[in-house]
Amino acid sequence: MPGDPCSTPGLVKVLGSGTIECLNGSWAPSMKQPGGAAASPTGPAASTATAAEIFASVGPVLTQDTFASTAKQVADPSAVRLPDGRVRIFAWVNPTGLRTATSTDQTGTTFVADATNPLPTMAGQPRVVRVDATSVRLFTVAGGNINAAISHDNGITFADEGPVITTAQAGFEPGTLSLVKQGRQYRAYFSNLEKPGERAARVMKTATSTDMLHWTVGPTLSMSGSHPFALIDAKGRIALYYAADRGTSYGVFVSTSKNGTSFSKEKLVMAGAGDPDIISAGKNKWLMYYGTEVSPAMGFGVMAAKSIGNAIP
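Right, dumping it as structure tokens:
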């Protein structure tokens with residue numbers, strides 16, 4: 061997976077619905093196809109999903125320069141609003157592991173790296189969730205499990221809470237989860253974890269919990285995808301954003317559901333993107349962070365996009 065060591069510079073391998081490239085001794089997400097050709101950043105006609113005008117990109121917000129890295133890989137963003145309105149993003153940075161950066165203002169588009177690392181051990185695919193005014197819970201992937209940690213200082217320090225969904229529970233090695241409050245319970249979504257060189261079917265499942273820590277794994281969703289992120293509106297409609305490969309079109313897609321398990325009306329949201337994470341930017345306004353290649357010189361980084369339409373279409 062991204063971050064693992066490699067020995068052949070420039071080698072490109074298939075990883076789930078995308079590719080990874082050997083850069084500076086480590087595997088990194090790539091926009092290239094095996095053989096070296098660059099993938100098209102736009103959605104081709106082979107996809108049956110229509111394009112949705114929901115988000116418009118505003119440019120990069122996290123790159124290797126943010127964290128004084130030269131490995132060309134910042135991935136898996138997850139954001140939370142702080143009490144003063146600024147945004148804190150958790151991301152995986154090669155080669156140091158999990159890092160955070162905090163925005164300079166409430167717009168959430170300019171960030172400065174924080175001085176400390178949130179977790180003492182290597183973990184991937186962070187997903188942060190607000191618990192109360194000062195507490196956040198962080199879900200990460202390590203050791204074949206989705207693990208949780210709790211912070212009572214808005215994400216500066218964390219106490220480990222252990223595994224919450226294991227490979228045995230999921231039926232496959234899971235990637236991180238995203239959750240929404242649905243009635244009196246939480247509903248989460250997660251996919252199988254991508255691995256280098258593995259062209260595996262992308263599978264997404266749902267799970268329910270009353271405390272975010274003990275989960276009952278539910279059905280497999282009808283559409284394929286990875287790294288899902290969920291939003292819910294006041295009427296209980298859920299929009300699920302996820303990275304997917306549809307024919308020759310790769311990017312972030314969205315599908316909607318009235319009950320949380322049956323989804324339909326898939327639309328392409330952002331071509332060439334992955335790892336979506338969305339936060340509120342005001343009434344009926346949203347900010348999406350996502351991963352993509354920023355430039356050949358900068359490599360893989362995190363971009364931001366502002367909503368121009370309904371985020372729960």
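As numbered in the working numbering, residues 61 to 373 make up the sequence shown, in order. Cβ atoms here follow ideal geometry from the backbone N, Cα and C, with glycine treated the same way. Remember, it's a predicted structure, so these values are computed and weren't measured experimentally.
Query                                                                                                  : Result
Counted within 10 angstroms of its Cβ, other Cβ atoms place D374 as buried (16 or more) or exposed     : The structure shown does not extend to residue 374, since the chain is modelled only from 61 through 373, so no value can be given for it.
Local conformation of P293 per DSSP, three classes                                                     : Note that residue 293 corresponds to Asp in the displayed sequence, not to Pro. The answer is coil: DSSP assigns D293 none of H, G, I, E or B.
Minimum Cβ-Cβ distance from G243 to chain D less than 8 Å                                              : No chain D appears in this structure, which consists of one protein chain only.
Given 8 Å, three or more beta-carbon pairs between the stretch 212-220 and the stretch 228-244         : no
Own chain, CB closer than 7 Å to V263, minus 5 neighbours either side, in chain order                  : F232, S251, N252, T280, S284
Rounded distance between the beta-carbons of A161 and D174, thought under 8 Å                          : 6 Å
Closest Cα partner of A195 within the set R159, V140, S269, I206                                       : The question names Ala, but residue 195 is Ser in the sequence shown. For the residues R159, V140, S269, I206, the minimum Cα distance to S195 belongs to V140.
Beta-ladder partner(s) of P155, from DSSP                                                              : In DSSP, P155 forms no bridge with anything.
contact_flag[the stretch 110-130, the stretch 360-370] where n(CB pairs < 8 Å) is 3 or more            : yes
Beta-carbon proximity list for N344, same chain, < 6 Å, skipping 5 on both sides                       : none
G320 versus L347, R297, Y302, residue with shortest Cα-Cα distance                                     : R297
Check whether S315 and L300 have beta carbons under 8 Å apart                                          : yes
Distance CB(Q245)-CB(T270) smaller than 8 Å                                                            : yes
Unbroken stretches of the beta strand (DSSP E), 3 residues or longer, contained in the stretch 187-225 : 196-202, 205-211
Beta-carbon separation (whole angstroms), V381 vs T236, contact threshold 8 Å                          : As displayed, the chain neither begins before 61 nor continues past 373, which places residue 381 out of reach and without an answer.
For Q124, the first and last residue of its enclosing beta strand (DSSP E)                             : Run containing Q124: none; DSSP gives neither H nor E here.
Q242: first and last residue of the uninterrupted beta strand (DSSP E) it sits in                      : 234-242
C-beta atoms of A290 and V224 nearer than 8 Å                                                          : no
Reduced DSSP category for Q229 - H, G, I as helix; E, B as strand; rest coil                           : helix
Expected contact under 8 Å - CB spacing of A341 and G311 to nearest Å                                  : 21 Å between Cβ atoms; not a contact.
Limits of the unbroken beta strand (DSSP E) element including T308                                     : Element bounds for T308: n/a, residue is neither H nor E.
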